[in-house]
Amino acid sequence: MSNYHIKHLEEYYQVYRKSVRNPEAFWEEIAEEHFVWRKRWDNVLSWDFKKPEIKWFEGAKLNITENCLDRHLPTRGDKTAIIFEPNNPDEEAQHITYRQLHERVCRMANVLLDHGVKKGDRVCIYLPMIPELSVALLACARIGAIHSVVFAGFSSHALGTRINDSDCKVVLTSDGSFRGNKSIDLKGIVDKALEGCPGVANVLVVKRTGSDIHMEPVRDKWLQPLLDEAYADCVAEVMDAEDPLFILYTSGSTGTPKGMVHTTAGYMVYTAYTFKNVFQYKENDVYWCTADIGWITGHSYIVYGPLANGATTLMFEGVPSYPDFGRFWEVVQKHKVNQFYTAPTAIRALAKENLEYVEKYDLSSLRVLGSVGEPINEEAWHWYNNNVGKKNSPLVDTWWQTETGGIMIAPIPYVTPTTPTYATLPFIGIQPALMDENAKEIKGNQVEGRLCIKFPWPSIARTIWGNHDRYRDTYFSAYEDMYFTGDGALRDAVGYYRITGRVDDVIIVSGHNLGTAPIEDAINEHPAVAESAIVGFPHDVKGNALYGYVILKETGESRDRDNLRKEINQQITEHVGPIAKLEKIQFVSGLPKTRSGKIMRRILRKIASNDTSNLGDTSTLLNPEIVQEIMDNSL
Ligand code: PRX
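Counting from 1, one number per residue, gives the positions in the sequence shown under the UniProt record's numbering.
Shown next as structure tokens:
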């Protein structure tokens, strides 16, 4: 029996038991049989959740790009590694073979070396969904540089903060990006960000939109001529198993984003293994994940997981609504996609449109449908299952996080029977626990609690860049010897998990994690604003939308409210990005606060959600009278 590819439910249980009883032996076998190493490990796992310190495959030497590229060349050199589907359907798709991808990665790696990038240096990547983005990740990995991809929808302020937090030396970007019928001036955003980033020596620019941009002498260079001149081979840097592979920022409960650090070997092993099983990938399949590589889903399941398996992975530059709402399905038909992985927010948006957009296309190639990023509601689940999958393709609802690196709870298609809205069973090696308010584990089934993980898995983030204390405090201090996810979950009668949502100050809007603090900081910088609080409320497409309660300064009281609303959203767009704009803004004279001065968000959430029948005990508030005023004027 090969533990690498699970094909029956009985086999799942058998392999799961093995992975939990003796995790070291289990992962050692997977690592040994399915990857190439320059040197074997001395020790499979050492861990201590108190420090916290986690090491997988310590002592091993490898380069992840040799696993994702070089080793495939003898057998899959002419196989398509990446299909690039451009924003505009009239532009031809590109098929990049493993051999071509290898060459492109080597060339870009050599350009980075020529610009002084060394092992351990940080490179910021701010690119749209074009092939150069995948090439850039792999080029960094080739030479041991640590990539930090910033989603190209983030504002200059957010970009600058991230560049400085990890001292990036070089930025890779493009002149602009295409999104539907819009083009975005990415280089302008980079220029603005870099006004506050003295550490950046070079900006390498991909030409995509052909728009007229400013090129700063010495600092800025067009990438293509450099790639053309670069040598087409590049010796892979030999990395330690625990050397950082990348940093990826995620929102937290304070203003500064958390730079989650993922290391090389464990991340590679786990993303490859989960990819193979959760998508049941077979050799000639075409796999498509619609996420942006700016998020963890793209890192793990567009680039590293698929390429480590020698798969064909599709990159889509555009949006689901351009040129019309049939675009996803047109692409599925055109490239005969077998596995399709998207987010509930996209499903909900498409489900609102005419069914003809789906029915027009031949979707018979589809074998597996995936969902990720937020809870999928029952209606969206059925729409996806009935109309896209034709009740014929298992729907895998995959729960995981930037911090977990790979999929943690998910059905294995054709193996695990699915239940709508349930992420179902823990993946191989994952040991979940539900905790009660007294920090005790809740055993048994039909229970609900806070979701923790009891034992390390290979792709758990190892630290927060530059702030190990914050890593410990955020994830390992709430419950002893447990990783705390920040999510609530329930376990049903058969042991299936359903994720109920965040239990902290993170709000998921259209599948994007947004911390309340950075948005409130942005609002409070408006000269007319004294204080603010934001909460999430249910939205039928975005899952959650943002509701802001704003107290004005005296000087702001006389201002036009609609103008103020626009300015506040503009402020948020500049500081965080357009994804964090508020759907509703209510001006209030005060915020409900506890005697210790903490804002009672629970009450604000209920008012924003129009659920005021039971506000709970408000008598302990410092200013209970404010609740009625806020309710009377709620939007
Ligand atoms: O609340 C959970 C939600 O998204 C959070 C992680 O967000 P991020 O780090 O951006 O990673 C998203 C892509 C892996 C989780 O803490 N979440 C993610 N997947 C699901 C989910 N909630 C419910 N069901 C899911 N399948």
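All residues carry an ideal CB built from backbone N, CA and C; glycine is no exception.
Computed from a predicted model, the values in this text were never measured in an experiment.
Through-space distance from residue j to residue i, alpha-carbon basis
i, j, result
"proline 538", "serine 510", "11 Å"
"glutamate 242", "serine 46", "12 Å"
"leucine 227", "leucine 101", "13 Å"
"alanine 158", "asparagine 569", "15 Å"
"alanine 489", "leucine 425", "12 Å"
"glutamate 442", "leucine 434", "Reading off the sequence shown, one finds isoleucine at residue 442, where the question assumed glutamate. Those two C-alpha atoms are separated by around 5 Å."
"glutamate 10", "glutamate 229", "55 Å"
"tyrosine 126", "valine 170", "11 Å"
"proline 198", "lysine 391", "55 Å"
"lysine 581", "tyrosine 547", "9 Å"
"tryptophan 457", "isoleucine 302", "21 Å"
"glycine 294", "threonine 555", "40 Å"
"proline 375", "valine 105", "36 Å"
"glutamate 91", "glutamate 356", "24 Å"
"phenylalanine 325", "alanine 343", "15 Å"
"glutamate 353", "lysine 207", "35 Å"
"leucine 245", "histidine 262", "6 Å"
"lysine 187", "phenylalanine 84", "22 Å"
"leucine 363", "histidine 335", "10 Å"
"asparagine 610", "valine 588", "17 Å"
"leucine 604", "tyrosine 483", "29 Å"
"tryptophan 400", "glutamate 557", "44 Å"
"alanine 308", "asparagine 633", "55 Å"
Whole-number beta carbon distance between residue j and residue i, since they are thought to touch under 8 Å
i, j, result
"glutamate 317", "proline 578", "Actually they are not in contact, since the Cβ atoms of glutamate 317 and proline 578 sit about 18 Å apart, beyond 8 Å."
"asparagine 445", "aspartate 492", "7 Å"
"serine 134", "methionine 315", "7 Å"
"threonine 416", "tyrosine 12", "7 Å"
"tryptophan 56", "glycine 266", "4 Å"
"valine 205", "aspartate 185", "That belief does not hold up - the Cβ atoms of valine 205 and aspartate 185 are roughly 12 Å apart, past 8 Å."
"aspartate 540", "arginine 348", "7 Å"
"threonine 485", "isoleucine 453", "7 Å"
"alanine 533", "glutamate 520", "7 Å"
"threonine 345", "glycine 543", "6 Å"
Beta-carbon gap between residue i and residue j smaller than 7 Å
i, j, result
"alanine 60", "tryptophan 41", "yes"
"valine 286", "valine 337", "yes"
"isoleucine 407", "threonine 264", "no"
"valine 627", "proline 592", "yes"
"tyrosine 361", "glutamate 403", "no"
"isoleucine 464", "glycine 259", "yes"
"valine 503", "arginine 450", "yes"
"proline 420", "glutamate 378", "yes"
"lysine 553", "alanine 530", "yes"
"valine 15", "isoleucine 428", "yes"
"phenylalanine 476", "phenylalanine 49", "yes"
"tyrosine 496", "tyrosine 384", "no"
Cutoff 7 Å; reference residue i; Cβ partners in own chain excluding five residues on either side
i, result
"isoleucine 30", "Asn3, Tyr4, Val269 and Tyr273"
"serine 393", "Leu366, Arg367, Val368 and Leu369"
"proline 624", "Thr618"
"methionine 108", "Val135, Ala136, Ala139 and Leu227"
"glycine 120", "Gly144 and Ile146"
"proline 23", "Leu45, Gly429 and Phe455"
Residues of its chain near residue i, where Cβ-Cβ distance is below 8 Å and the 5 sequence neighbours each way are ignored
i, result
"leucine 113", "Ile143 and Cys234"
"aspartate 505", "Ser253, Gly515, Thr516, Ala517 and Arg601"
"threonine 418", "Pro394, Leu395, Val396, Asp397, Pro411 and Thr424"
"valine 123", "Leu112, Val117, Ala136, Cys140, Ala145, Ile146, His147, Ser148, Cys168, Lys169, Val170, Val171 and Leu172"
"glutamate 525", "Gln571 and His575"
"glycine 597", "Leu622"
"residue 638", "As shown, the chain starts at 1 and ends at 635. That puts residue 638 outside it, with no answer to give."
"arginine 99", "Leu73, Gly77 and Asp78"
Sheet register partners of residue i (DSSP bridge)
i, result
"arginine 122", "Ile146"
"aspartate 240", "Lys61"
"glycine 515", "Val506"
"valine 447", "Arg491"
"tryptophan 383", "Note: tryptophan 383 sits in no beta bridge, so no partner."
"glutamine 401", "Paired residues: none, contrary to the question."
"histidine 575", "Partner(s): none; histidine 575 has no beta bridge."
"tryptophan 37", "Note: tryptophan 37 sits in no beta bridge, so no partner."
"glycine 548", "Ile534 and Ile585"
"phenylalanine 484", "Cys452"
"tryptophan 288", "Leu314 and Phe340"
"aspartate 220", "Val203"
Own chain residues within Cβ distance below 6 Å of residue i, not counting five before or after
i, result
"tyrosine 304", "Thr271"
"phenylalanine 178", "Asn87"
"histidine 34", "Tyr4"
Contact test: residue i Cβ vs the ligand FAD heavy atom, cutoff 6 Å
i, result
"glutamate 374", "The ligand FAD is absent from the structure shown, which contains only the ligand PRX."
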